[in-house]
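K.L.:
Numbering (this note's numbering), first residue to last: 79 to 318.
1) So, does the segment 238-249 touch the segment 171-181, judging by three or more C-beta pairs under 8 Å?
2) Quick one: using the 10 Å Cβ neighbour count with 16 as the cut-off for buried, is residue 251 buried or exposed?
3) Does the segment 137-150 come within contact of the segment 204-213, defined as at least 3 CB pairs closer than 8 Å?
4) Name the residue from 269, 128, 115 and 203 whose alpha carbon lies nearest to the alpha carbon of residue 147.
5) Going by the CB atoms, is the gap between residue 232 and residue 205 shorter than 8 Å?
6) Are three or more beta carbon pairs between the segment 255-267 and the segment 276-289 nearer than 8 Å?
7) Please state if the CB of residue 166 and the CB of residue 192 are separated by a distance shorter than 8 Å.
8) Any beta carbon from chain D within less than 8 Å of residue 156's own beta carbon?
9) Pick helix, strand or coil for residue 156, following the three-state DSSP scheme.
10) Thinking just about the alpha-carbon of each residue, which of 183, 302, 234 and 308 is nearest to the one in residue 291?
11) May I ask you to report which of helix, strand or coil DSSP gives residue 235?
12) Among 316, 185, 175 and 125, which residue has its Cα nearest to the Cα of residue 154?
13) Specify the secondary structure class of residue 182 as computed by DSSP and reduced to three states.
14) Let's test the definition: count the other Cβ atoms within 10 Å of the Cβ of residue 159 and tell me whether it reaches 16, buried, or not, exposed.
15) Compare the C-alpha of residue 221 against each of 286, 119, 255 and 203 and name the closest.
16) Assign residue 194 to buried or exposed, taking buried as 16 or more other Cβ atoms, counted over all protein chains shown, within 10 Å of its Cβ.
17) Can you find the residues in the same chain that come closer than 7 Å, C-beta to C-beta, to residue 224, ignoring five residues on each side of it along the sequence?
18) Quick one, are the C-beta atoms of residue 127 and residue 238 less than 8 Å apart?
19) List the endpoints of the continuous alpha helix (DSSP H) containing residue 223.
20) Residues in the same chain with beta-carbon distance under 6 Å from residue 189, minus the five sequence neighbours each way, listed in chain order, please.
21) Quick check: residue 236 and residue 316, are their CB atoms within less than 8 Å of each other?
22) Which one of 313, 305, 312 and 199 has the shortest CA to CA distance from residue 117?
23) For the alpha helix (DSSP H) holding residue 258, just list the boundary residues, first then last.
24) Around the C-beta of residue 130, are 16 or more other C-beta atoms found within 10 angstroms, so that it is buried, or is it exposed?
25) Could you give the distance in angstroms between the alpha-carbon of residue 100 and the alpha-carbon of residue 269?
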């Protein structure tokens, strides 16, 4: 009985330590693997984000990226983009600053540390484009984040979204079961800063008040046995 108590205590202490340092650890992990992002997602992101160019008016574009993380999307943005960024994890700042130095063609601002649900400080009708890239998997309130994305866009402005979702192809039923298991048990959210593998976000986007929603489910080839679990994606745009 005493051994059980010691083992239980050990895991409780380990859990508490992990929770306390989870943001710092996650930022380090994402910073370490930031070079892998274009390797895994570069082709698909380039195809989606090339549409941002159409939003440039008079050589000006104001873009808000929600959940910027380490800043892995700079290379897809048009020259001269005025980039506003938010992220709830303050430990991303170091890695974001390192990346932004590589892209002097982008007028990037400092990270605003806040969540997508609480970005009231971004003025309504103030940005031409909003980007969500692997964000809706980990937010607490998808509808509220999308409300703010719609609110801050100028009339006719566009939301570009690139999100991993629950497996949609019955041929990959085992992957879907694993996504559900890792999400429901809390294992994946604990390891990856609240990220859930079993979300389907298209309906929420369609219900967020946009005049037009174009979404496509697709598989992205990821050459990793672990991270191939997030190969099922929803990519597209929504117009205010």
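The C-beta atom is built at its ideal place from N, Cα and C for all residues, glycine as well. Quick caveat: nothing in here was measured; it's all calculated off a predicted structure.
P.N.:
Once the coordinates are examined:
1) no
2) As a working mapping, residue 251 is identified with position 173 in the chain shown. Classification for residue 251: exposed.
3) yes
4) Position 69 of the chain shown, counted from the first residue, corresponds to residue 147. Checking every option, the nearest Cα to that of residue 147 belongs to 115.
5) The residue labelled residue 205 in the question sits at position 127 within the chain shown. The residue labelled residue 232 in the question sits at position 154 within the chain shown. Yes. Within cutoff.
6) yes
7) Here the question's residue 192 lines up with position 114 in the chain shown. Here the question's residue 166 lines up with position 88 in the chain shown. Cβ distance < 8 Å, so residue 192 and residue 166 count as in contact.
8) In the displayed structure, chain D is absent; only one protein chain is listed.
9) One-based indexing of the chain shown puts residue 156 at position 78. It is coil, neither helix nor strand.
10) Position 213 of the chain shown, counted from the start, is the residue given in the question as residue 291. Checked all of 183, 302, 234 and 308; the closest Cα to residue 291 is 234.
11) Here residue 235 corresponds to residue number 157 of the chain shown, with the count starting at 1. Strand, per DSSP.
12) As a first step, residue 154 is located in the chain shown; it is residue number 76 there, counting from the start. Checked all of 316, 185, 175 and 125; the closest Cα to residue 154 is 125.
13) Taking the chain shown and counting its residues from 1, the one referred to as residue 182 is at position 104. Residue 182 falls in the coil class under three-state DSSP.
14) Here residue 159 refers to the residue found at position 81 when the chain shown is read from its first residue. Classification for residue 159: buried.
15) Here residue 221 is taken as the residue at index 143 of the chain shown, counted from 1. For residue 221, the nearest C-alpha among the options comes from 286.
16) Here residue 194 corresponds to residue number 116 of the chain shown, with the count starting at 1. It counts as buried.
17) Numbered from its first residue, the chain shown carries residue 224 at position 146. Hits under 7 Å: 282, 283 and 286.
18) Start at 1 with the first residue of the chain shown, and residue 127 comes out as number 49. Start at 1 with the first residue of the chain shown, and residue 238 comes out as number 160. Yes, the pair counts as a contact, with Cβ atoms nearer than the cut-off.
19) Counted from its first residue, the chain shown places residue 223 at position 145. From DSSP, the alpha helix (DSSP H) with residue 223 extends over 220-230.
20) Your numbering for residue 189 matches position 111 in the chain shown. Taken in chain order, the residues that qualify are 163, 165, 171 and 174.
21) Along the chain shown, read from residue 1 onward, the residue named residue 236 stands at position 158. Along the chain shown, read from residue 1 onward, the residue named residue 316 stands at position 238. Contact: yes.
22) On the chain shown, position 39 is the one that residue 117 refers to. Closest option to residue 117, Cα to Cα, is 305.
23) Residue 258 sits at position 180 when you count from the first residue of the chain shown. Residues 251-262.
24) Your numbering for residue 130 matches position 52 in the chain shown. It counts as buried.
25) If you number the chain shown from 1, residue 100 lands on position 22. If you number the chain shown from 1, residue 269 lands on position 191. Going by the C-alpha atoms only, they are around 8 Å apart.
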